[in-house]
Amino acid sequence: MLLRSTANPVLRRFSTSTVSHKQPGKGLQSLLEKTPDDVVLTFAKRTPMCKAHKGSFKDTTSDALLYATLKGVKERLGFDVNEIQDIAVGTCLSPAPVYEARAAALAAGYPQEIPVQTINRLCSSGLMAIRFLSDSISRGDIDVGLAVGYESMTKNPRPTPIYGSEEIKQHQIAKDCAE
0 MLLRSTANPV
10 LRRFSTSTVS
20 HKQPGKGLQS
30 LLEKTPDDVV
40 LTFAKRTPMC
50 KAHKGSFKDT
60 TSDALLYATL
70 KGVKERLGFD
80 VNEIQDIAVG
90 TCLSPAPVYE
100 ARAAALAAGY
110 PQEIPVQTIN
120 RLCSSGLMAI
130 RFLSDSISRG
140 DIDVGLAVGY
150 ESMTKNPRPT
160 PIYGSEEIKQ
170 HQIAKDCAE
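Just so you know, numbering that gives the first Met the number 0 puts 42 at position 43 of the sequence shown, and the rest follows in order with no gaps.
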């Protein structure tokens, strides 16, 4: 997902949808009102969804999926990639997500000056990447950010932890959270 501030005049021609959070208490009406501080999703693309251990992507590594996603986004942007000020990558269970994300971004042709970070979360890490960049834009830290999510449950299956803590072993809900 590519996110931009609507305060940038170049952005207006790319806008597809807006959501404003500046007027709490007005319900749906406040969501439909356009304001100069809106954060806009201007592009959305995702990797195909398929079952683990099956299908045409079963032999594809997570870094290859991320590279292909970043390369595809770059080819379809419609503006200079140098406008992107931050890349946030949501993932889960990749062996070295920060290194995979940075290497994939560089190999896909993103400038080395653009910082890349990862959010590792069991559910909705890609949405957290969007939220992080949206918050950064709302605060005025950046004007343009790229949020990406990726994972390979085939190549990086969920490991079941072996707890060493007696407190966790004795707390049934804590113990069950990873099973």
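A virtual CB, placed ideally from N, CA and C, is assigned to each residue, including glycine.
Please return the same chain residues whose Cβ sits closer than 8 Å to the Cβ of Lys168, not counting the five positions on each side in sequence.
So the qualifying residues of the chain are Tyr162 and Lys174.
Taking only the alpha-carbon atoms, compute the straight-line gap between Pro35 and Leu64 and give it to the nearest angstrom.
If you draw a straight line from the Cα of Pro35 to the Cα of Leu64, it comes to about 35 Å.
Hey, quick one: how far does the alpha helix (DSSP H) through Ala67 stretch, first residue to last?
Per DSSP, Ala67 belongs to the alpha helix (DSSP H) from Ser61 to Arg75.
Taking only three categories from DSSP, how would you classify Ala103?
Residue state, collapsed to three classes: helix.
Enumerated in chain order, which unbroken segments of the alpha helix (DSSP H) with a length of 4 residues or greater are wholly contained in the stretch 104–148?
Look at the stretch 104–148 and you find these whole runs of alpha helix (DSSP H), each 4 residues long or longer: 124–138.
Span separating the alpha-carbon of Ser123 from that of Leu92
Rounded to whole angstroms, Ser123 to Leu92 spans 13 Å at the Cα level.
Three-state secondary structure assigned by DSSP to Ala87:
Assigned with DSSP and collapsed to three states, Ala87 falls in strand.
Note down the Cα distance separating Leu27 from Ala106, rounded to an integer number of angstroms.
Here the alpha carbons of Ala106 and Leu27 stand approximately 42 Å from one another.
Reduced DSSP category for Leu92 - H, G, I as helix; E, B as strand; rest coil:
Correct three-state label for Leu92: coil.
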